[in-house]
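Notes follow the structure.
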Amino acid sequence: MKDQSGKQVFSKTREYEVYDFHFKHNKEGYLGLNNWDITAMDHVYDALEPGKTESFTYVIPLTEGTKSVDIDASFVYKYESGQAAVVKKETKKVEFTK
Numbered sequence: 785m786k787d788q789s790g791k792q793v794f795s796k797t798r799e800y801e802v803y804d805f806h807f808k809h810n811k812e813g814y815l816g817l818n819n820w821d822i823t824a825m826d827h828v829y830d831a832l833e834p835g836k837t838e839s840f841t842y843v844i845p846l847t848e849g850t851k852s853v854d855i856d857a858s859f860v861y862k863y864e865s866g867q868a869a870v871v872k873k874e875t876k877k878v879e880f881t882k
């Protein structure tokens, strides 16, 4: 979030993660090909369920005389280390009056 002069006044990042891990305690897998047997994976899910939403409320103190702020929100898919794609981006300008 930036004020009317372009100064950043707030920033927040929330990450959701989904991982599949193969642990030795899992079954041997088909023909011993453990790494290719998806039923031998433990699924770790810390993400939004499909079709679900999430919302947060933040109180951001602004300096006196702030006339407006530009709010940018992005949903970014990180598909591998150092690689990402913006799925959705929204921008909103909020103007303050006396």
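Per the numbering used here, the very first residue in the sequence shown carries number 785; after that it's consecutive. Just so you know, even glycine gets a beta-carbon here, dropped at the ideal spot from N, CA and C.
The beta-carbon separation of Lys877 and Asp856, rounded to 10 angstroms, does not stay under the 8 angstroms limit for a contact. In the DSSP assignment, Ala831 falls outside any beta strand (DSSP E), carrying neither H nor E. In the DSSP assignment, Thr875 falls within the beta strand (DSSP E) that extends over 867 to 879. When the Cα atoms are used, Lys873 and Thr847 turn out to be separated by approximately 27 angstroms. Secondary structure note for Glu864: its beta strand (DSSP E) is the uninterrupted segment 852 to 864. Secondary structure at Gln792: strand, using DSSP grouped into helix, strand and coil. Straight-line measurement puts the Cα of Met785 at about 6 angstroms from the Cα of Ser795. Cβ-Cβ distances below 6 angstroms link Ser858 to Val870, Lys873 in the same chain, with the five nearest sequence neighbours on each side left out; the list follows chain order. Take Lys791, set aside five residues on each side of it, and no residue of its chain has a beta-carbon closer than 6 angstroms to its own.
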